[in-house]
Each structure stands twice: as structure tokens, then as C-alpha cells.
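Report on one structure; see the data block that follows.
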Amino acid sequence: MYLPKFTLESPRSIEEAVSLLGSGEQTKLLSGGTDLFPRMKYKLCSPGVLISLKGLPSFPPQIDEERKLIIDANISLTAITLSPEILEKAPLLALAAQKVATREIRNMGTLGGNICQETRCLYLNQTHTFQFTEPCLKRGGKECYFAPKGKKCWATFMSDIAPTLFCLNASVIVAGLDGEQQIKIEEIYTNDSLKPLSLKPDQIITKIIVPKTQSPSGNGFAKFTVRKTIEFAIVNVGVFLETEKDLKTCKKARIAVGAVSEGPQRALEAEDWLAGKSLSKENINKVSQKAASSLKIIPHHGYSKKYLTECLKIQSKQALNDAVEGLADQSNRGR
Amino acid sequence: MTTTQRKKIIGLTVNEETYELAVECQETLLDVLRNNLGLTGTKEGCGTGECGSCTVLLEGEPILACLMLAVECENKKIETIEGQSINGDLTPVQEAFLEKGAVQCGFCTPGMVLASTDLLKRNPDPSKEDIMESLGGHLCRCTGYNKIMEFVHHAAKLNRDNT
Ligand SMILES: Cc1cc2nc3c(=O)[nH]c(=O)nc-3n(C[C@H](O)[C@H](O)[C@H](O)COP(=O)(O)OP(=O)(O)OC[C@H]3O[C@@H](n4cnc5c(N)ncnc54)[C@H](O)[C@@H]3O)c2cc1C
Ligand code: SF4
Ligand code: FES
Ligand code: FES
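Chains as they are written, first to last, in my numbering: chain A, 1457 to 1791; chain B, 1201 to 1363.
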């Protein structure tokens, strides 16, 4: 399968990349290409100009004087799993990166590309060469084939990494023609499957910032798939628990879920409920149920809403248990 | 300075030989290896990242040639299946593949060999789970994977015996 023709620009600075990006409608950013190229090969999009981010100056993850973690958006997913700074300050991010696709794709795919990937649906992500039907909404048509007679696109956002950045209260630095700005990770998502990102056409994510955390903390990430590897999630759940000094009482919980709707979601009701409570088995069970029943779930890739809700309960419990187990290990080491 | 590229003359270093080639921007490393250099050991199964049959080593790390632009591989070291044996001497990984009969139609074999070579370099004594993780992106429609698991364990042993 060949890629359609395009022109490649290889800027050497962010400023140059921004001005190239802002110069025309037909331009698109290229990082690892593992999301963009399959879409281009399937003719889901045909940008005339690609702006490669590979030639930009890069830097390894850094911890600044305020103990914030600063990560280059162009870091490969493999490098995330190996970075001592990330493993120390944001192990949750490494847990999720390790679960993406395969070693080959993690070597090529980047953090920026992962959180900016397109939404997917069973109908859309295939070759359309031999189809005689009208294109669906996402390809500029008038109908949705996933939900027939539907006037809305229901494609789901499958990133494994984005939910963990919600848990870590991360922000992104965005560069554009108007200069640089720092925005909360939540704000880059629109919850609109047709246009999942709020970024303007001239904007590039250059850095990801994870703020310093105060309390002792526990991390858990669960991804459910049938094949275990090289598969998008059926559901994924990230959990970040800040605790009191006893490591057994939850001070603040952040629970985020992906792959079941147009964008990542925080389970706010469940988070609020757990705050101040003991991390007992009973409470973990209850909070997992609450998380699953309070979120928007779109049936996707052949899985019904009922099935996904059940999966979500089990995976939330798994991620919470992993976080609690990690805390118990810390407590044993401290003794 | 920005470099605008439509067609570009590039130097590609494949299996320690450098080739000078005129390449269009949209041509993937897979297209160039197979169509321009005649190195057809690297296979195209899906073309979209799902099967692993196009795996090559770029700077020693396995990547998918079907999703990598050739022009972005300039000045980087590329290794394909053709460069594994030296003067006809197979590597222990290739020997193990033959001895265990882990091949039927052979379409997945180049990718499997390169991914296993990478795994054993990082982990000389991998567990069953390690092998499943590393070869998870490599589809085989023939063997049922048991022979492939056996071969990686055997290759690990041959490698250890050799050192
Ligand atoms: C077989 C297969 C399996 C996969 N499995 C998973 C999985 O299990 N989990 C998962 O999360 N993903 C998965 N992916 C999706 C994807 O490949 C990865 O998420 C990868 O991290 C994308 O990164 P990239 O650098 O290759 O992105 P690219 O393809 O280069 O870019 C993706 C999109 O983001 C835009 N973009 C890239 N960088 C920036 C930036 N800095 N600022 C603004 N926009 C930007 C691009 O314009 C493009 O639209 C899979 C892909 C394939 C082919
Ligand atoms: S859900 Fe969206 S992408 Fe899928 S068929 Fe409907 S309109 Fe197209
Ligand atoms: S041909 Fe590259 S992964 Fe299938
Ligand atoms: S031997 Fe035929 S695909 Fe693996």
C-alpha cells in the first residue's frame, strides 16, 4: 500500500514549524507517523504538506527547580518507559506507555502523537478503495454507518496515555502564531468525535508538564484487550492516589478512563467519594462501581455498553488495587 | 533553514553499504528497500503497522519500514534480514529458526528473526511472557506460534553457548 503524494518540510526550530503550519489548510504535523500514515494509506486524509517534527531540537525529560517534570512532546514511547526522571516522578505515564501497541510502534510513536491521535471506529479505520457507498460523516459525507441514520459521529478516542496525564494533573505547552501558552491537558480535548482536539491549525504541542506531587502516592494503570498485545484498548483506566502519611487513607484520588467515548474522562464522582476514606477492599469495590456507572460509555468495536460497563468496573478495581499494592510496598520498605 | 522536499537525493546505509538514491517524499523505507534496492527479504503484509512483517533495525532498534519515510532514514544505520548472515554463515538466531522448523510459508520470518535478535540482545534469557511481549506485533498465519516460541528459547541457548 502506497502513501499518497505530499511535500515534506523539515523545520529546524519550533518557530519555523509554526509558521509553516500556519501557512496553509493542507498542512499536517508528522511525528512518528504511526497514527497518521495508516490513515493516509486508507485515504482518510490527504494533506498536501507534512511538517516533520523529527528535525526539531530535542531534550531528555527534566525535573526543574520547582520539582516539575518537563517532557519533550517528541519523546518516543520507548524512551518514556526507560527515563529515570519519568520513572521517579510520573511512573503512571511509563506504565501506560509500556501498554501501547508493540515494541516497534513504541520505538516510532511519540507522546505528542499519542495524545493527538484521531478518533477511531470499526467502519472508518479500513481501506475504502472498493466501497461504493457514500463516505461517512468523518470523511465528509452525510451519514454515519456505525450508528445508521445517526447525524453524529461516534468514533472513540483510544489513547492509552492521555487518561494518565489527566490523573497526573498535567498541562501541555502549545506553540502557535500567537506565541506560547500553557494549557491543562483536559482543555485540548473537545469531546467531539469529528474534531477531537481543540488545537488551532497553527498550534503544536511542544512540552508536557507534570506538576510536583505533595503526598505519598500510588499509581495504577489497567488496559483490557482480548489479545493482550497489539490491540487498542476495550477500556483503559489510570489511577493516581495521594494518601496521608499512613499510606492507607486516601487524601485525593484521580481516576481517568479512556477508549470508551470521544475523549478521556475523569470519574469525578468516584474521586470525590474516595477522598478522606480508607483504601479498604470494600471502599475500592464501591468506588470501582461508582466510576463505571457515572461515565459516558459509547459502544465501540463490537462491544455493547453493558459489556463495557462491566469491563470498566473490573479494570477500575484492578488499577485501584495496583495503586494500593504499590503503596503497601512503599510502607513495607519504609519499615 | 527549512528544506522543502519533493524528490531528494539521499544516502541510505543498508547492511553497511551506502546507496545514493533519488527518493520521493512519500516513499516509505519499505518501498525503497523492495522497489529500488531489490532487498525483498523485508515483506509487506498489511502496510499499516499491524503485522510486523516489514520490521527492520534502524540504529539497532526494530521499527516498521511500512510507516517510516525513506528520506527520514538518511545518515542512519539500517539492517535488514539480508544483512544478518555474513558470507553465508547464519546467526545463532537463524540457526535456531532452522533447527526448530519455525517456518512454513516464511512471510513473517524476516520480521520474527529481527525482532528476536533485538529481544535477545536486551534479554539473553527471556521468559515465555517476554517473548510474547516482544513478538506481539508479529503475525504468523501458519505456524500457530508454538514453534516460534521454541525457536526463541533455543536461539537464546545457542547464543549463551556461543559466548
Ligand atoms: C497497529 C497499531 C496499534 C496501535 N495501538 C495503540 C495502542 O494500543 N494505544 C494507543 O494509545 N495508541 C495506539 N496506536 C496509535 C498510535 O500509533 C500511537 O498512539 C502513537 O503514539 C502515535 O504517535 P506518532 O508519533 O506516531 O503520531 P503521528 O502519527 O505522527 O501523529 C498523530 C496525530 O497527531 C498529530 N501530532 C503529532 N505530534 C503533534 C504535536 N506535537 N502537536 C500537535 N499535534 C501533533 C499529527 O498531526 C497526527 O494527526 C496504534 C497504532 C497502530 C498502527
Ligand atoms: S462513528 Fe464517525 S467515523 Fe464511524 S462511521 Fe460514524 S461518522 Fe464515520
Ligand atoms: S507491513 Fe508493516 S506492519 Fe504490516
Ligand atoms: S510462516 Fe507463514 S506467516 Fe509465519
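Ideal placement from N, C-alpha and C gives every residue a C-beta, glycine not left out.
Asked                                                                                                                                                                  : Found
Flag Phe1602/A as yes when its Cβ comes closer than 7 Å to any non-hydrogen atom of ligand 2, and as no otherwise.                                                     : yes
Between Arg1722/A and chain B, is any beta-carbon pair separated by less than 8 Å?                                                                                     : no
Within 10 angstroms of the Cβ of Glu1521/A, are there 16 or more other Cβ atoms? Answer buried if so, exposed if not.                                                  : exposed
Under three-state DSSP, which class holds Phe1493/A?                                                                                                                   : helix
For Lys1347/B, which residues from the same chain have a beta carbon less than 7 Å from its beta carbon, with the 5 sequence-adjacent residues on both sides left out? : Lys1300, Gly1301 and Ala1302
Within the 8 Å Cβ cut-off, does Gly1252/B reach chain A?                                                                                                               : yes
Just to check, is the beta-carbon of Ala1611/A closer than 7 Å to a non-hydrogen atom of ligand 2?                                                                     : yes
Of the choices Ser1760/A, Leu1525/A and Val1505/A, whose alpha-carbon is the least far from that of Leu1476/A?                                                         : Val1505/A
Just to confirm the assignment, what range does the alpha helix (DSSP H) spanning Glu1725/A have?                                                                      : Leu1724 to Leu1730
Quick one: what's got a C-beta closer than 8 Å to Ala1355/B's C-beta in the same chain, skipping five residues either side?                                            : Pro1292, Val1293, Glu1295, Ala1296, Phe1297, Ser1316 and Leu1320
Of all the residues that make up the segment 1546-1565 of chain A, which are near chain B by a beta-carbon distance shorter than 8 Å?                                  : Ala1557, Thr1558, Arg1559, Glu1560, Ile1561, Asn1563 and Met1564
Determine the chain A residues that contact Thr1255/B at a beta-carbon separation under 8 Å, and present them in chain order.                                          : Glu1560
Between the Cα of Gly1311/B and those of Ile1263/B, Lys1328/B and Ala1222/B, spot the shortest distance and give me the residue it belongs to.                         : Ile1263/B
For a test of the three-state rule: what should DSSP assign to Asn1692/A, helix, strand or coil?                                                                       : strand
At the 8 Å Cβ level, is Thr1228/B part of the contact set with chain A, yes or no?                                                                                     : yes
If you check the beta carbons only, do Gly1569/A and Asp1491/A fall under 8 Å apart?                                                                                   : yes
Do Glu1687/A and ligand 3 come close, with the Cβ less than 7 Å from some heavy atom?                                                                                  : no
For Met1312/B, decide whether its Cβ has a neighbour in chain A, counting only Cβ atoms nearer than 8 Å.                                                               : no
According to DSSP, is Pro1262/B helix, strand or coil?                                                                                                                 : strand
Suppose contacts are defined by Cβ-Cβ distances below 8 Å. Is Ile1660/A in contact with Ala1631/A by that definition?                                                  : yes
Can you tell me whether Ala1631/A is helix, strand or coil according to DSSP?                                                                                          : strand
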